[in-house]
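J.:
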Amino acid sequence: MTSSWLVTGAHGLLGRDVLDELATQPDVAVTGLGRDRLDITDPAAVRAAVAGHRVVVNCAAWTDVDGAERSEATATAVNGTGVRHLARACADSGALLLHISTDYVFRGNARRPYSDDAPTGPVNAYGRSKLAGERAVAELLPRTGYIVRTAWLYGEHGRNFVAGHHARTRRPATDPGRGGRPARPADLVACARPATGSPRPCRPGGAGTGGRLPRHGGRPDHLVRPGA
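Quick note on numbering that gives the first Met the number 0: the sequence shown kicks off at 0 and runs consecutively.
#1: Measure the C-alpha to C-alpha separation of D35 and R106 and round it to an integer number of angstroms.
#2: So, with DSSP's three-state summary, where would you put T149?
#3: Within 10 Å of its beta-carbon, does D91 have 16 or more other beta-carbons around it, so buried, or fewer, so exposed?
#4: Rounded to the nearest angstrom, what separates V17 and Q24 at their Cα positions?
#5: Starting from the Cα of Y73, find the closest Cα among K129, A94 and V45 and give me that residue.
#6: Taking 9 Å as the CB-CB limit, is L152 close to chain D?
#7: Let me know if P193 comes out buried or exposed under the rule of 16 or more other beta-carbons within 10 Å of its beta-carbon.
#8: Cβ atoms of A50 and G88: under 9 Å apart, would you say?
#9: Could you work out which residue in R148, S3 and W151 is closest to H52 when comparing CA atoms only?
#10: Let me know the secondary structure DSSP gives S70 once reduced to three states.
#11: DSSP has W4 in a bridge; who is on the other side?
#12: How close, in whole Å, do the beta carbons of V54 and L95 come, if the pair is a contact with beta carbons under 8 Å?
#13: Starting from H98, follow its DSSP beta bridges and name the residues at the other end.
#14: Rounding to the nearest angstrom, what Cα-Cα distance links E133 and H10 in this structure?
#15: Starting from A9, follow the alpha helix (DSSP H) in both directions and report where the run begins and ends.
#16: What is the DSSP secondary structure of V45, reduced to helix, strand or coil?
#17: Give me the residue from G126, V82 and M0 with the minimum Cα distance to Y103.
#18: Whole angstroms are fine: how far does the CA of R148 sit from the CA of D13?
#19: Considering only their Cβ atoms, is the gap separating L32 from A86 smaller than 9 Å?
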C-alpha cells in the first residue's frame with residue numbers, strides 16, 4: 000500500500016535531500032512544496048497542503064541566526080507559529096509530523112551529551128523561535144509528532160560546512176580561515192598533534208557538548224524511515 004508523504008521547505012538543502020531519500024523508497028508517494036508553493040505561516044494553505052498525506056516532514060525553517068536577532072518576530076512566525084499551523088493541520092487530519100529542530104534550543108554550556116529530556120534554555124532569538132515550534136508539536140501531537148534535533152548538517156545541494164572546509168583547504172597555509180573548531184560530533188576528542196608527537200586535546204564542537212554551531216542546510220541520512 001502506497002504511503003503519501005509531504006515535505007515542506009522542499010527547495011532547501013535539507014528538503015532536497017529528504018526528497019532524494021524518499022524517492023528511493025518503495026511504496027512512497029512524495030509531494031515536495033517549497034516556499035513558493037506553501038507559506039507555512041498561512042494556516043489555510045497549510046491545511047490544504049496537509050490534507051490527504053499520511054506523513055509530513057517539516058524542512059521549512061528560518062535558518063538565518065544573525066537575521067533572527069534583527070527580526071525575532073519574523074523568525075518566530077516561521078519557526079514557531081508556522082510549525083504550530085502544521086501541527087494543528089496534522090492533528091486534524093491524523094497525519095504524522097516529523098519536525099526538524101536544532102541544538103540551539105539548549106543553553107550551550109553542557110560538558111556532556113544532552114539527553115532528550117534535558118532542560119532547554121536558548122540564549123538567542125533563533126533558538127527561542129525553534130523552541131516555540133518544538134512546544135507546538137509536543138502540545139498538539141503528543142503521540143504522532145516527532146522532533147529531531149540536529150546540527151552540522153551537510154549534503155549535496157548548496158552551502159554547508161563540508162564545502163566550506165574543502166574550500167579553505169585550497170587556500171594558502173597562511174590563511175587564518177583554516178583555523179577553528181572541528182565540525183565533528185562530540186566523539187571527536189583530539190584534533191591536532193604538536194611537534195612532539197603527543198596528542199593535544201581539543202574540545203569538540205557539536206550538540207553533544209552544547210557548542211554553538213553555524214546553521215547550514217543538510218543531509219537527512221537516517222532521519223526518515225518510511226512505513227513507520
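Glycine included, every Cβ here is placed at the ideal spot set by N, Cα and C.
T.: Working from what's here:
#1: As a position in the sequence shown, residue 35 is number 36, starting the count at 1. As a position in the sequence shown, residue 106 is number 107, starting the count at 1. Roughly 34 Å between the two C-alpha positions.
#2: One-based indexing of the sequence shown puts residue 149 at position 150. DSSP places T149 in strand when its eight states are reduced to three.
#3: Position 92 of the sequence shown, counted from the start, is the residue given in the question as residue 91. That one is exposed.
#4: Within the sequence shown, residue 17 is the residue found at index 18, counting from 1. Within the sequence shown, residue 24 is the residue found at index 25, counting from 1. Near 11 Å, if we compare the C-alpha coordinates of Q24 and V17.
#5: Here residue 73 refers to the residue found at position 74 of the sequence shown. Note that residue 73 is Thr in the sequence shown here, rather than Tyr. Comparing Cα positions, the closest option is K129.
#6: Considering every chain present, this structure includes no chain D. It has just one protein chain.
#7: Your numbering for residue 193 matches position 194 in the sequence shown. Reliability of the predicted coordinates at P193 is poor, the pLDDT of 32 falling under 50, and no value is obtained from them.
#8: Counting from 1 along the sequence shown, the entry for residue 88 is found at position 89. Counting from 1 along the sequence shown, the entry for residue 50 is found at position 51. What sits at residue 88 in the sequence shown is Ala, not Gly. For A88 and A50, yes; Cβs fall inside 9 Å.
#9: The count along the sequence shown starts at 1 and reaches residue 52 at position 53. Comparing Cα positions, the closest option is S3.
#10: Translated into positions along the sequence shown, residue 70 becomes position 71. Coil.
#11: Residue mapping note: residue 4 aligns to position 5 of the sequence shown, counting from 1. Partner(s): V29 and V54.
#12: Reading the sequence shown from its first residue, position 55 is the one you call residue 54. Reading the sequence shown from its first residue, position 96 is the one you call residue 95. For a cut-off of 8 Å, the C-beta gap from V54 to L95 is around 5 Å, short enough to register as a contact.
#13: As a first step, residue 98 is located in the sequence shown; it is residue number 99 there, counting from the start. Answer is N57 and I146.
#14: Stepping through the sequence shown from its first residue, residue 133 is reached at position 134. Stepping through the sequence shown from its first residue, residue 10 is reached at position 11. Spanning the two alpha carbons is a distance of roughly 22 Å.
#15: Here the question's residue 9 lines up with position 10 in the sequence shown. No alpha helix (DSSP H) holds A9; DSSP gives it neither H nor E.
#16: Here residue 45 is taken as the residue at index 46 of the sequence shown, counted from 1. DSSP places V45 in helix when its eight states are reduced to three.
#17: Here residue 103 refers to the residue found at position 104 when the sequence shown is read from its first residue. Closest by alpha carbon: G126.
#18: Translated into the one-based positions of the sequence shown, residue 13 becomes position 14. Translated into the one-based positions of the sequence shown, residue 148 becomes position 149. Asp is not the amino acid found at residue 13; the sequence shown has Leu there. Approximately 13 Å between the Cα atoms of the pair.
#19: In the sequence shown, the residue the question calls residue 86 occupies position 87. In the sequence shown, the residue the question calls residue 32 occupies position 33. Cβ distance not < 9 Å, so A86 and L32 don't count as in contact.
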